[in-house]
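Residue numbers for the sequence shown follow our numbering, so the first one is 7 and each next one is one higher. All C-beta atoms, glycine included, are put in the ideal place defined by N, C-alpha and C.
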Amino acid sequence: MGLIYNISCAAFAALGSFLFGYDSGIIGGVLIQKHFLDAHGNPNSALKGAIVALFNVGCFFGACIAATLATKFGRKRTIQVGCFFATVGGAIQTASVNAGMFIAGRFIIGFGIGLLSMIVPLYQAEIAPPAIRGFAVGLAQQFVGFGVLVSTWVVYGANNIDSDAQWQIPIGIQVAPAVILFFGTFFLPYSPRWLVSVGRKEEARKVVEKLYSSTEEQEMTYRQICEEVDRELKVVSTNPKDLIKPQYIKRVILACGGQIGAQFTGINIANYYGATIYKALGFDTTTSLLVNAIYSIVGPVANIITITFIVDRVGRVRLMWLGSIAIGTLLMLIGAVYKRFPGPTEEQLANDLIGYTENRSAHLAIICFFFLVSVVFSLSWGPVAWIYQSEIFPLKIRTMGASAATASNWLFNTWISQVSPIALDNPSVGPNFFFMFMALNYFVAGYTFLFYPETKGKTLEDLGGVLDEGIPMEKNDGAQSQFSLVSFLAQHDRFLFSDYISIFVIYWQQ
């Protein structure tokens with residue numbers, strides 16, 4: 007069957023990522039809808055933060071346990087467990103009659119999404135050949151963006167309903183893809199690497215024959231998988247303490263640092279609270295939801311360009327640090343314009359905007375900057391953080407490592423989602439919040455530029471030598487491609503401006 011079958015499996019599994027995007031995107035719009043607020047006691051900023059954050063807490067715990075489930079029961083069955091919790095959590099949210107019940111549903115669905123957010127990219131990476139692995143794993147982020155897009159337009163469309171169905175319909179729809187993925191997963195192939203790891207080698211061979219078109223590819227891939235798995239199973243471990251052993255700690259730091267770097271872009275401020283920010287700038291609820299819905303379109307468009315034409319050609323690391331620099335600059339502009347031209351205060355709103363001078367052009371500029379942040383994120387960290395995480399772990403700790411990295415994402419996601427509404431609602435913080443994320447982006451750009459090795463074009467098995475034994479990355483012609491900053495510094499006692507340019511040029515040409 008080959009390539010088409012491979013991509014089809016990766017795309018269907020990405021429904022789990024669609025759920026991730028849908029639930030992440032829906033809450034920002036629902037939190038400003040009148041009927042939702044009335045039905046849940048008009049929550050204040052702290053409680054709104056908790057509604058968002060408890061979903062992320064559930065995701066954190068789901069990601070933590072995903073490794074155990076994936077190792078024992080396989081990638082397919084772990085996807086189905088995630089779908090089960092997503093279905094239950096979605097149903098509880100839809101039927102909620104108070105904030106506590108809604109938060110409980112958010113936590114339960116978060117647990118399921120945490121499982122899916124870790125296992126889907128891992129499954130995609132393990133069934134894909136190196137030449138399209140960036141595209142296959144990038145489908146996860148593509149479907150996250152697609153889920154956000156669908157959710158924001160559903161919320162906008164339901165906003166004219168004058169009853170609790172205004173929020174219940176958007177919340178309830180998320181149950182459908184969870185059920186479809188649960189039953190559809192029965193027809194997906196098992197990960198051949200997992201099959202070999204549990205001794206089911208003949209099944210693994212049959213799966214490889216479906217995933218690769220040529221006999222030569224099938225034999226080479228099957229042999230590589232068996233050799234690597236057999237070697238690692240001699241010392242296989244399910245002990246989380248192995249993650250901090252010297253031969254693996256670098257991989258863990260790189261994967262966790264990548265996921266934390268993606269959160270430090272500040273993308274979830276706009277994803278979760280974009281509609282709230284637009285409303286604070288003076289736009290009405292309908293306009294804020296419309297802007298939020300349009301915002302959800304640009305990310306998936308940029309993401310499909312990235313995974314189709316860019317990431318497997320340009321590589322992963324360059325997109326990381328360039329993305330952080332661009333996003334940091336855009337957040338600086340958002341903070342500066344927002345600080346100079348804030349929206350109306352509560353007092354001014356209560357007094358028919360007396361004393362308030364509107365600058366609609368400045369507020370539209372802020373919206374444009376948010377749109378550009380989404381574009382840059384989808385051209386860089388959006389797909390790349392998940393691709394990089396899925397590539398760098400050996401089978402021995404692959405599930406535990408991916409679980410740790412995904413958990414780090416949700417841990418920082420929880421912090422951001424909880425503090426953002428409080429900070430933005432605080433007049434003494436407000437726009438300055440964006441300057442903090444500007445600084446974090448520049449910090450992330452620095453550490454990815456200096457310390458992250460490129461993984462483009464390498465098999466999952468080949469990467470072991472690079473990350474464990476320190477063997478330099480090589481291009482297809484055998485030339486070393488990983489620039490060594492340490493060796494460059496050792497040869498230079500004094501630096502001129504041209505030396506810094508040389509560092510940049512050498513790195514860019516790798």
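Subject >> Rounded C-alpha distance that separates residue 17 from residue 142 >> reply: Each residue's Cα considered, the two are about 8 Å apart.
Original post:
Under the rule that 16 or more other beta-carbon atoms within 10 Å means buried, what is residue 140, buried or exposed?
Top reply: Looking at its Cβ environment, which holds 16 or more other Cβ atoms inside 10 Å, residue 140 is buried.
Subject >> Endpoints, alpha helix (DSSP H) assigned at residue 426 >> reply: DSSP places residue 426 inside the alpha helix (DSSP H), whose first and last residues are 401-431.
Original post:
What does a CB cutoff of less than 8 Å around residue 289 pick up in its chain, not counting 5 residues either side in sequence?
Top reply: So the list reads 297, 369, once near-sequence residues are dropped.
Subject >> Same chain, Cβ closer than 8 Å to residue 20, neighbours up to 5 away in sequence not counted >> reply: The answer, listed in chain order, is 126, 130, 145, 146, 148, 149.
Original post:
Given a threshold of 16 other Cβ atoms within 10 Å of its Cβ, counted over all protein chains shown, does residue 103 qualify as buried or as exposed?
Top reply: Flag for residue 103 reads exposed.
**OP:** For the region 71-155, list the beta strand (DSSP E) runs that are entirely contained and at least 3 residues long, ordered along the chain.
**Re:** Taken in chain order, the whole beta strand (DSSP E) runs of length 3 or more contained in the region 71-155 number zero.
Subject >> Burial state of residue 40 (16 or more Cβ within 10 Å) >> reply: With fewer than 16 Cβ atoms within 10 Å of its Cβ, residue 40 is classed as exposed.
Original post:
With 16 as the cutoff for other CB atoms within 10 Å, does residue 479 come out buried or exposed?
Top reply: Below a pLDDT of 50, predicted positions are generally treated as unreliable, and residue 479, at 44, falls in that range; the measurement from the model is reported next regardless. If you draw a 10 Å sphere on the C-beta of residue 479, you find 16 or more other C-beta atoms in it, and that means buried.
Original post:
In terms of residues, what are the limits of the alpha helix (DSSP H) holding residue 202?
Top reply: That run of the alpha helix (DSSP H) goes 198-203.
Original post:
I think residue 264 touches residue 391, with their Cβ atoms under 8 Å apart; what is that distance to the nearest whole Å?
Top reply: Yes, residue 264 and residue 391 are in contact; Cβ-Cβ is about 5 Å, under 8 Å.
Original post:
If you run the structure through DSSP and keep just helix, strand and coil, what is residue 169?
Top reply: Secondary structure at residue 169: coil, using DSSP grouped into helix, strand and coil.
Original post:
Would you call residue 486 buried or exposed, if buried means 16 or more other Cβ atoms sit within 10 Å of its Cβ?
Top reply: In this predicted model, residue 486 has a pLDDT of only 39, less than 50, meaning its place in the structure is not dependable; the value taken from the coordinates is given anyway. Looking at its Cβ environment, which holds fewer than 16 other Cβ atoms inside 10 Å, residue 486 is exposed.
**OP:** Could you check which residue in 92, 425, 53, 405 has the C-alpha nearest to that of residue 245?
**Re:** Of the candidates 92, 425, 53, 405, 405 places its Cα closest to the Cα of residue 245.
Original post:
Ordered along the chain, which non-local residues of its own chain (more than five positions away) have a Cβ less than 7 Å from that of residue 15?
Top reply: Non-local beta-carbon contacts of residue 15 in its own chain, meaning distances under 7 Å to residues more than five positions away in sequence, involve 133, 194, 195 in chain order.
Original post:
Taking all protein chains shown into account, do 16 or more other C-beta atoms lie within 10 angstroms of the C-beta of residue 456, making it buried, or fewer, making it exposed?
Top reply: So residue 456 counts as exposed.
Original post:
Just checking, does the region 419-438 make contact with the region 59-68 on the three C-beta pairs under 8 Å criterion?
Top reply: Note that the region 419-438 touches the region 59-68; at least 3 beta-carbon pairs, one per stretch, sit closer than 8 Å.
Original post:
Do three or more CB pairs link the region 77-94 to the region 308-328 at distances below 8 Å?
Top reply: By the Cβ test, the region 77-94 is not in contact with the region 308-328, since fewer than three Cβ pairs between them sit closer than 8 Å.
**OP:** Pick helix, strand or coil for residue 271, following the three-state DSSP scheme.
**Re:** When secondary structure is reduced to three states using DSSP, residue 271 falls in the coil class, being assigned neither helix nor strand.
**OP:** For residue 262, count neighbouring C-beta atoms within 10 Å of its own C-beta (all shown protein chains included) and say buried if the count is 16 or more, exposed if not.
**Re:** Per the 10 Å Cβ criterion, buried.
Subject >> From 254, 352, 118, 202, residue whose alpha carbon lies closest to that of residue 237 >> reply: Closest option to residue 237, Cα to Cα, is 202.
Original post:
Between residue 29 and residue 119, which are expected to be in contact by the criterion C-beta below 8 Å, what is the C-beta distance as a whole number of angstroms?
Top reply: Contact between residue 29 and residue 119 holds, with the beta-carbon distance rounding to 6 Å and staying under 8 Å.
Original post:
Measuring CA to CA, which of 277, 111, 137 is closest to residue 9?
Top reply: If we check each option's Cα against that of residue 9, 137 comes out closest.
Subject >> the region 376-390 in contact with the region 265-281 per 3-pair CB rule at 8 Å >> reply: Yes, they touch.
Original post:
Do the CB positions of residue 380 and residue 279 come within less than 8 Å of each other?
Top reply: Contact: no.
Original post:
Hey, quick one: how far does the alpha helix (DSSP H) through residue 339 stretch, first residue to last?
Top reply: First-last of the alpha helix (DSSP H) with residue 339: 323-346.
Subject >> Element boundaries [alpha helix (DSSP H), containing residue 249] >> reply: No alpha helix (DSSP H) holds residue 249; DSSP gives it neither H nor E.
Subject >> Nearest to residue 428 (by Cα), restricted to the options 57, 35, 31, 188 >> reply: Distances from the CA of residue 428 to each of 57, 35, 31, 188 were compared; the closest alpha carbon is that of 57.
Original post:
Roughly how many angstroms lie between the CA atoms of residue 322 and residue 352, to the nearest whole one?
Top reply: As the crow flies, the alpha-carbon of residue 322 is around 45 Å from that of residue 352.
Subject >> For residue 220, the three-state DSSP class (helix, strand or coil) >> reply: DSSP places residue 220 in coil when its eight states are reduced to three.
Original post:
Can residue 419 and residue 269 be called in contact, C-beta distance under 8 Å?
Top reply: Taking 8 Å as the Cβ cut-off, residue 419 and residue 269 qualify as a contacting pair.
Subject >> Top-ranked residue by Cα proximity to residue 4, from 165, 218, 366 >> reply: Residue 4 lies beyond the residue range present for the chain, which begins at 7 and ends at 516; the question has no answer from this structure.
**OP:** Check whether the Cβ atoms of residue 260 and residue 398 sit closer than 8 Å, and answer yes or no.
**Re:** Cβ distance < 8 Å, so residue 260 and residue 398 count as in contact.
Original post:
So, residue 135 versus residue 11, is the Cβ gap smaller than 8 Å?
Top reply: Taking 8 Å as the Cβ cut-off, residue 135 and residue 11 do not qualify as a contacting pair.
Subject >> Close-in-space but distant-in-sequence residues of the same chain around residue 304 (CB under 6 Å, 5 per side omitted) >> reply: Same-chain partners within the cutoff: 377, 380, 381.
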